[in-house]
Structures are given as structure tokens and as C-alpha cells.
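Trainee:
In my numbering, the protein residues as written are 102 to 241.
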């Protein structure tokens, strides 16, 4: 019978009952099936996951505490175009009306913020990202 060193089926079932994400649940279901004797090749076909991923997940259960094995490590994405200091300055700018920065508008809009960020910081954002920034930085 297959084994995942250091992890029991009971522990996996308890973790499955408390799983917070679909991906964590899928990893647990695959690990339980493996412990029940389902071959990796069958798991690959059944769940449509590459064989290397199944082996990677099973290895994680042996190498890490159960709670850590369920979730991916943080992966850094693209670095932000504005650093923390610039974002703080932008948040302060948004507390003032656009007229303070030479705009003839009564309120901040995504398009206006986009133009302001380009003028003030030399950074170009899409309108969609400017909209997210407005929401995130709490512009009124």
C-alpha cells in the first residue's frame, strides 16, 4: 500500500473537512486516493493534472507540515511601478481636489488619476489599474 511518510489518512480527512480553498481540497483528495492505492497515472487521468504536479504535491505532504503542504508559497509578481513612498504621496494627493494639480475637474476619475500619475511620477497605468488605485487609496 502506498505511503506518505509522516501523514495519516485520518489527518488528511480531518484537513479535508476544514479545507479553505478548492485547491487545498483537491490536494487532499489526491493524497487520500494515493494512500488508498490509486496509482499516480490514474490520478493524472482522473483529475487532469500533470504527473509532475501530482508527485510534487505528494512530496510536499512528506516534506512540510500538513497545513503548509496545502498552499502554494507566495510568488512575487511584477514589482510595483510606484514604490511605497510614491504610493503614500499619491494617497495624499487624492485627499486634495484635482484643481490643486492643475486639472479643471471637481473630482478624481480613473482617467484623471492616470494622467496625474504620469505627470507626477512618470508612470503610465491603464484606466482599469487607475480605477483600482482609486478604490484602494480611498479617493472620494
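Positions of the beta carbon are idealized from the N, C-alpha and C atoms, including for glycine.
Does the separation of the CB atoms of residue 159 and residue 116 fall below 8 angstroms?
Mentor: As a working mapping, residue 159 is identified with position 58 in the chain shown. As a working mapping, residue 116 is identified with position 15 in the chain shown. It is not a contact, given that the beta carbons lie outside the stated cut-off.
Trainee: In its own chain, which residues sit with a C-beta less than 8 angstroms from the C-beta of residue 104, not counting the 5 before and 5 after it?
Mentor: Translated into the one-based positions of the chain shown, residue 104 becomes position 3. Around residue 104: 136.
Trainee: Near residue 187, what residues of its chain come up, given a Cβ to Cβ distance below 7 angstroms and the 5 sequence neighbours on each side ignored?
Mentor: Within the chain shown, the letter at position 86 stands for residue 187. Only 222 meet the Cβ criterion.
Trainee: Can you list the alpha helix (DSSP H) stretches of 4 or more residues lying completely in the stretch 186–231, in chain order?
Mentor: 211–222
Trainee: Which whole-angstrom value is the C-beta distance of residue 155 and residue 167, which I expect to be below 8 angstroms?
Mentor: Along the chain shown, one-based indexing puts residue 155 at 54. Along the chain shown, one-based indexing puts residue 167 at 66. In this structure residue 155 is not in contact with residue 167, their Cβ atoms being roughly 17 angstroms apart against a cut-off of 8 angstroms.
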